[in-house]
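Report on one structure; see the data block that follows.
Protein chains in written order, with full-length UniProt numbering: chain A, 1 to 291; chain B, 1 to 294.
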């Protein structure tokens, strides 16, 4: 990830501030920066969302394609993640520089969603063992200003909420050959239930305390971070430690508790915003990238 | 504690009535024709094509007698002799440091241009060269003045005064260089309780006002004492104010920063990060500045 160079005195200032629960921009240790969400920004996807968290800019597109189900899970559809770190974000991502970060984020997303309850993959099955919907979730990093995982998880939840999969029916002939029929109405779609999709909360350990939603400067002062993926009900789907430093078992427990609390509080405003946006319907003025 | 989420909103155009200029500015974009009169000399930011004078950058046209140049609105820092800059050390080389100052090339700080500890005046020896890293390391912040400009455009800096030198604890805010007004002094001890250095290169350094005013050898020694909470609040508020002013393209100088700080006292510090609160305090600041001029 793009790192900023800082002097020792600046780092000391930030650490003492975190100790007193007053960060450099006036936030407390549990406060998020201002977030802007917009869905349906890319027209040729089944669902898309764009999230701006401070200066971090993430674009997620979901495409639904028909494919074969996995051999070990014949009654379920599939979810595939791909993360692309655009060279727009920082010059380090030029060429293949962003690949490492991209694979790391994609692997984390696979782990977060690899359980039976986040997304009900059975609804994506069309014909067991033969046809199913595969959702390709593509994440594009446009700008990097710290806290990528949180913004990506919020964007994925918004994009999945926005996804519209066409309704298909299996029709069997007299001879037994199966055919797939698409409904005539282009707006006849199936939506996904995103109630249990988790959101990732990144907690960075700075000094003896931990902060949520760290900026790049705060990240430079922290040696270790914990990623906690929390659903609306407070269930944790994935815990992962990043960074070279070590974490005390007690502080890991405290950080998980904070992560649960903050994560639960993220879902309610997000769901409200998404419903509000949908209720605006056709009247909504799309902002897109030129607003 | 709940996250502040909202739908993306288009940026609103700033109301034109607040601009207090009498004559409208001649703004051009790259490729625009400035004039077809061939009697003018062309300056920076212009080129000739088919006997027409065209702009190569986006900015305002400036005319001094027969010289026409275009001053760009968003640009890297073009240093002139005497400018005060805040920079970060990127490299330690033999007998000089390379300083990053938001210009096209890294600036140079020669070993002979810094004050030795204790204020000695002598020729720099090889021991001084080996001890360079003890004074300034990669990542350190300094305040310096531009001594001269090399032929390729790189700046040569010096810290030959007690007010320049290594910077201690504080916050760095990066804004566009064109927003910092050229004034007599760039070091201000604001009445609200913090001090500020408005570097001409767009780097603004906010720090707690030091207790004793006279220090030996210009900031050679940085303290790691924790800064008291009341000073921290002032510094955070100032940082948010400067970000708000720069987002709305208001010129930064001590009066505008102070007015913005006073307008922001009505809100909590973390609320000043929200766009609508930023807009409100910048509007108030603009009004007060206009009233003060008129």
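Note that the Cβ used here is the ideal one computed from N, Cα and C, for glycine as well.
> From residue 9 of chain A to residue 223 of chain B, what distance separates their C-alpha atoms?
Replying inline: Here residue 9 of chain A refers to the residue found at position 9 when the first chain is read from its first residue. Here residue 223 of chain B refers to the residue found at position 223 when the second chain is read from its first residue. Each residue's alpha carbon lies about 8 Å from the other.
> Quick one: which chain B residues come within Cβ less than 7 Å of residue 7 of chain A?
Replying inline: Residue 7 of chain A sits at position 7 when you count from the first residue of the first chain. In chain order: 139, 140, 141.
> Excluding sequence positions up to five away, which residues of its chain have a Cβ less than 6 Å from the Cβ of residue 216 of chain B?
Replying inline: Within the second chain, residue 216 of chain B is the residue found at index 216, counting from 1. The predicted model places residue 216 of chain B with a pLDDT of 47, which falls under 50 and marks its position as unreliable, so this point remains unresolved.
> Between the C-alpha atoms of residue 255 of chain A and residue 81 of chain A, what's the straight-line distance to the nearest angstrom?
Replying inline: Counting from 1 along the first chain, the entry for residue 255 of chain A is found at position 255. Counting from 1 along the first chain, the entry for residue 81 of chain A is found at position 81. Rounded to whole angstroms, residue 255 of chain A to residue 81 of chain A spans 27 Å at the Cα level.
> Can you tell me where the alpha helix (DSSP H) with residue 67 of chain A in it begins and where it stops?
Replying inline: Taking the first chain and counting its residues from 1, the one referred to as residue 67 of chain A is at position 67. It is not in any alpha helix (DSSP H) - residue 67 of chain A instead sits in the beta strand (DSSP E) that spans 56-67.
>> Let me check understanding here. Comparing Cα to Cα, which of A/59, A/43, A/14, A/24 lies closest to residue 36 of chain A?
In response: Counting from 1 along the first chain, the entry for residue 36 of chain A is found at position 36. Nearest C-alpha to residue 36 of chain A: A/59.
> Is there at least one Cβ from chain B nearer than 7 Å to residue 119 of chain A's Cβ?
Replying inline: One-based indexing of the first chain puts residue 119 of chain A at position 119. It does not; no Cβ of chain B falls within 7 Å.
> Between which two residues does the alpha helix (DSSP H) harbouring residue 77 of chain B extend?
Replying inline: Here the question's residue 77 of chain B lines up with position 77 in the second chain. Careful: residue 77 of chain B lies outside any alpha helix (DSSP H) and carries neither H nor E.
> Looking only at C-alpha atoms, which of B/286, B/285, B/270 sits nearest to residue 33 of chain A?
Replying inline: What you label residue 33 of chain A is simply residue 33 of the first chain in a count that begins at 1. The option with the nearest alpha carbon to residue 33 of chain A is B/270.
> Using a C-beta to C-beta distance shorter than 9 Å, which residues of chain B count as neighbours of residue 35 of chain A?
Replying inline: Walking along the first chain from the start, residue 35 of chain A turns up at place 35. Those are 3, 4, 5, 6, listed as they occur along chain B.
> Which runs of the alpha helix (DSSP H) fall wholly inside the UniProt domain "Exoribonuclease phosphorolytic" (196-261) of chain A and span at least 4 residues, in chain order?
Replying inline: 216-221
> Would residue 191 of chain A be called buried (16 or more neighbouring beta carbons within 10 Å of its own) or exposed?
Replying inline: As a first step, residue 191 of chain A is located in the first chain; it is residue number 191 there, counting from the start. Looking at its Cβ environment, which holds fewer than 16 other Cβ atoms inside 10 Å, residue 191 of chain A is exposed.
> Closest to residue 202 of chain A by CA distance: which of A/243, A/193, A/181 is it?
Replying inline: Within the first chain, numbered from 1, the residue matching residue 202 of chain A stands at position 202. The residue with the shortest Cα to Cα distance from residue 202 of chain A is A/243.
> By how many angstroms is the C-alpha of residue 216 of chain A removed from the C-alpha of residue 154 of chain B?
Replying inline: Working through the second chain from its first residue, we reach residue 154 of chain B at position 154. Working through the first chain from its first residue, we reach residue 216 of chain A at position 216. One C-alpha to the other measures close to 28 Å.
> Who are the Cβ neighbours of residue 17 of chain B in its own chain at under 7 Å, not counting the five residues just before and after it?
Replying inline: If you number the second chain from 1, residue 17 of chain B lands on position 17. Because the pLDDT of residue 17 of chain B is 44, which lies under 50, any placement of that residue in the model is unreliable, and the number read from its coordinates should be weighed accordingly. Contacts found: none.
> Among A/196, A/66, A/156, which one has its Cα closest to the Cα of residue 118 of chain A?
Replying inline: Here residue 118 of chain A is taken as the residue at index 118 of the first chain, counted from 1. If we check each option's Cα against that of residue 118 of chain A, A/196 comes out closest.
>> Rounded to whole angstroms, what is the Cα-Cα separation between residue 176 of chain A and residue 170 of chain A?
In response: Numbered from 1 along the first chain, position 176 holds the residue referred to as residue 176 of chain A. Numbered from 1 along the first chain, position 170 holds the residue referred to as residue 170 of chain A. When rounded, the distance between both Cα atoms is 12 Å.
> Who are the neighbours of residue 273 of chain A on chain B, taking C-beta pairs under 8 Å?
Replying inline: Taking the first residue of the first chain as 1, we reach residue 273 of chain A at position 273. By Cβ distance, chain B contributes 5, 6, 7.
> DSSP on residue 5 of chain A, reduced to helix/strand/coil?
Replying inline: Looking up residue 5 of chain A in the first chain gives position 5. It is coil, neither helix nor strand.
>> On a Cα-Cα basis, can you pick out the residue from B/182, B/34, B/73, B/128 that is closest to residue 93 of chain B?
In response: Taking the second chain and counting its residues from 1, the one referred to as residue 93 of chain B is at position 93. Of B/182, B/34, B/73, B/128, the residue nearest in Cα terms is B/128.
>> Looking only at its chain, what residues have a beta carbon closer than 7 Å to the beta carbon of residue 193 of chain A, apart from the 5 residues adjacent to it on each side?
In response: Locating residue 193 of chain A in the first chain gives position 193, counting from the first residue. Within the same chain, residue 193 of chain A has close Cβ partners 120.
>> Give me the chain E residues within the contact set of residue 236 of chain B, using Cβ-Cβ distance strictly less than 7 Å, ordered along the chain.
In response: As a matter of chain content, chain E is missing from the structure shown, whose protein chains are A and B.
> For residue 275 of chain B, does the three-state DSSP call read helix, strand or coil?
Replying inline: Looking up residue 275 of chain B in the second chain gives position 275. In this structure, residue 275 of chain B counts as helix in the three-state DSSP scheme.
> If you measure from the beta carbon of residue 67 of chain A to each beta carbon in chain B, is any gap under 7 Å?
Replying inline: As a first step, residue 67 of chain A must be located in the first chain, where it is residue number 67. No, residue 67 of chain A does not count as interfacial toward chain B.
>> Once DSSP output is grouped into helix, strand and coil, what is the label at residue 265 of chain B?
In response: Along the second chain, one-based indexing puts residue 265 of chain B at 265. Three-state DSSP puts residue 265 of chain B in coil, outside helix and strand.
>> Can you give me the C-alpha to C-alpha distance between residue 115 of chain A and residue 237 of chain A, rounded to a whole angstrom?
In response: Taking the first chain and counting its residues from 1, the one referred to as residue 115 of chain A is at position 115. Taking the first chain and counting its residues from 1, the one referred to as residue 237 of chain A is at position 237. Spanning the two alpha carbons is a distance of roughly 7 Å.
>> Contact criterion: CB-CB distance below 7 Å. Does residue 218 of chain A meet it with respect to chain B?
In response: If you number the first chain from 1, residue 218 of chain A lands on position 218. Residue 218 of chain A does not count as touching chain B.
> Does the pairing of the region 51-68 of chain A with the region 137-153 of chain A give three or more beta-carbon distances under 8 Å?
Replying inline: yes
>> Using only CA atoms, which one of B/119, B/158, B/117, B/99 lies nearest to residue 137 of chain B?
In response: Along the second chain, read from residue 1 onward, the residue named residue 137 of chain B stands at position 137. Cα-wise, what sits closest to residue 137 of chain B is B/99.
> Buried or exposed: where does residue 277 of chain A fall if 16 or more other Cβ atoms within 10 Å of its Cβ makes it buried?
Replying inline: The residue you call residue 277 of chain A lines up with position 277 of the first chain. Flag for residue 277 of chain A reads buried.
> Where does the unbroken beta strand (DSSP E) through residue 48 of chain B begin, and where does it stop?
Replying inline: Position 48 of the second chain, counted from the start, is the residue given in the question as residue 48 of chain B. First-last of the beta strand (DSSP E) with residue 48 of chain B: 46-49.
> Going by other Cβ atoms of all chains shown within 10 Å of its Cβ, with 16 needed for buried, is residue 282 of chain B buried or exposed?
Replying inline: On the second chain, residue 282 of chain B is found 282 positions in, with the first residue counted as 1. Per the 10 Å Cβ criterion, buried.
> Whole-angstrom Cβ separation of residue 224 of chain A and residue 205 of chain A, contact assumed at under 8 Å?
Replying inline: Along the first chain, read from residue 1 onward, the residue named residue 224 of chain A stands at position 224. Along the first chain, read from residue 1 onward, the residue named residue 205 of chain A stands at position 205. Going by Cβ atoms, the distance from residue 224 of chain A to residue 205 of chain A rounds to 5 Å, so yes, they are a contact pair.
> Whose Cβ in chain A lies nearer than 9 Å to the Cβ of residue 269 of chain B?
Replying inline: In the second chain, residue 269 of chain B corresponds to position 269, counting from 1. 22, 25, 26, 27, listed in chain order.
>> For the region 230-263 of chain B, list every residue whose C-beta sits within 9 Å of some C-beta in chain A, in sequence order.
In response: 232, 233, 235, 236, 237, 239, 240, 243
> How is the beta strand (DSSP E) around residue 136 of chain A delimited, first residue to last?
Replying inline: Start at 1 with the first residue of the first chain, and residue 136 of chain A comes out as number 136. Unbroken beta strand (DSSP E) run through residue 136 of chain A: 131-143.
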